[in-house]
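As structure tokens, the structure follows; a few thoughts come after it.
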Amino acid sequence: DQQVKQNSPSLSVQEGRISILNCDYTNSMFDYFLWYKKYPAEGPTFLISISSIKDKNEDGRFTVFLNKSAKHLSLHIVPSQPGDSAVYFCAASENSGGSNYKLTFGKGTLLTVNP
Amino acid sequence: DAGVTQSPTHLIKTRGQQVTLRCSPKSGHDTVSWYQQALGQGPQFIFQYYEEEERQRGNFPDRFSGHQFPNYSSELNVNALLLGDSALYLCASSPIGTASEAFFGQGTRLTVV
């Protein structure tokens with residue numbers, strides 16, 4: 001039972017255009033969402049996060065949108081750069097009584113930005 | 116700041132053997148979590164340690180066990196290795212009681228033959 005789903009295994013975009021990566025979740029208890037980027041032979045690197053009390057969070061070229069009613073979030077990268085080519089993981093956590101948060105990951109989307 | 120460091124980076128073991136993987140958390144972080152990432156999958160939560168105790172556990176058998184030391188570093192032990200245990204094992208550290216992002220190490224690639 002996959003609680004976090006990234007239905008697009010891959011995405012290819014041109015440099016300078018917008019990249020939109022999508023993520024759906026099924027667990028209503030999730031209240032914090034994160035995006036990680038992963039290059040080959042490296043661990044995941046934190047990119048951006050959003051709390052369930054917000055619907056948008058922006059950091060430079062990266063914006064995450066959250067639609068709680070649809071249980072859907074998306075990551076927008078504008079403008080896309082060749083260095084953004086990596087696997088992007090969507091992750092979610094639920095508040096476990098103030099202790100730290102285990103993350104539930106999607107399978108990832110391979111983004112390729114072509115020069 | 117060295118970030119999260121894991122050792123070894125690669126390991127080959129035979130079915131039935133036991134393995135120990137090690138993790139040093141980022142400076143200032145006292146919570147360590149372990150994840151297993153199989154090929155083509157996202158990382159899957161194994162367990163989390165804080166104050167030298169296992170605090171949360173994912174859906175993994177008892178063959179997977181861990182330990183946290185007073186300096187916050189951690190070990191992951193896997194007994195009676197199966198071919199299906201072949202994966203990238205990731206360690207993540209974070210400060211307790213925050214919703215901040217976890218910082219990951221580069222992982223240990225375990226191959227069971």
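Protein sequences appear in the order of chains A and B. Reminder that position 9 of the first sequence reads as 9 in the working numbering, one-by-one numbering, no gaps. Residues are numbered in the working numbering as their position in the second sequence, beginning at 1, plus a constant of 115. Heads up, the beta-carbon is just placed ideally off N, CA and C, and yes, glycines get one too.
Which partner residues of residue i appear in the DSSP bridge assignment?
i, result
"VAL227 of chain B", "B:LYS128"
"GLY181 of chain B", "B:LEU191"
"LYS141 of chain B", "Partner(s): none; LYS141 of chain B has no beta bridge."
"LYS56 of chain A", "A:PHE65"
"VAL119 of chain B", "The partner list for VAL119 of chain B (beta bridge, DSSP) is empty, contrary to what the question assumes."
"ASP24 of chain A", "A:LYS5, A:HIS72"
"TYR88 of chain A", "A:LYS37, A:THR109"
"ILE161 of chain B", "ILE161 of chain B is not bridged to any residue."
Give a yes or no on whether the C-beta atoms belonging to residue i and residue j are separated by under 9 angstroms.
i, j, result
"LEU198 of chain B", "GLY222 of chain B", "no"
"LEU126 of chain B", "LEU225 of chain B", "yes"
"ARG205 of chain B", "GLY43 of chain A", "Checking the sequence shown, residue 205 of chain B turns out to be Leu, not Arg. Yes."
"ASN194 of chain B", "SER208 of chain B", "no"
"LYS56 of chain A", "THR63 of chain A", "yes"
"GLN121 of chain B", "LEU196 of chain B", "no"
"TYR165 of chain B", "HIS182 of chain B", "no"
"SER32 of chain A", "TYR101 of chain A", "Checking the sequence shown, residue 32 of chain A turns out to be Tyr, not Ser. Going by C-beta atoms, TYR32 of chain A is nearer than 9 angstroms to TYR101 of chain A."
"THR142 of chain B", "ILE161 of chain B", "With the sequence shown as reference, residue 142 of chain B is identified as Ser, and Thr is not the correct amino acid for it. No."
"ALA92 of chain A", "TYR25 of chain A", "yes"
Using the C-alpha atoms, what's the distance from residue j back to residue i?
i, j, result
"PHE218 of chain B", "TYR187 of chain B", "14 angstroms"
"ILE50 of chain A", "ASP84 of chain A", "20 angstroms"
"ILE48 of chain A", "GLN159 of chain B", "20 angstroms"
"SER99 of chain A", "ILE211 of chain B", "Annotation note: pLDDT 49 at SER99 of chain A (below 50); position unreliable, coordinate value reported separately. The straight-line gap from Cα to Cα measures roughly 6 angstroms."
"LYS38 of chain A", "GLY118 of chain B", "16 angstroms"
"GLU167 of chain B", "THR124 of chain B", "24 angstroms"
"VAL134 of chain B", "LEU103 of chain A", "24 angstroms"
"GLN14 of chain A", "SER80 of chain A", "7 angstroms"
"VAL228 of chain B", "GLY173 of chain B", "25 angstroms"
"ARG178 of chain B", "ASN192 of chain B", "8 angstroms"
"GLY60 of chain A", "LYS68 of chain A", "23 angstroms"
What did DSSP end up calling residue i once you bin it into helix, strand or coil?
i, result
"LEU154 of chain B", "coil"
"ASP200 of chain B", "helix"
>> So, does the region 14–23 of chain A touch the region 63–78 of chain A, judging by three or more C-beta pairs under 8 angstroms?
In response: yes
> Counting pairs of beta carbons, one from the region 38–57 of chain A and one from the region 5–19 of chain A, are three or more of them closer than 8 angstroms?
Replying inline: no
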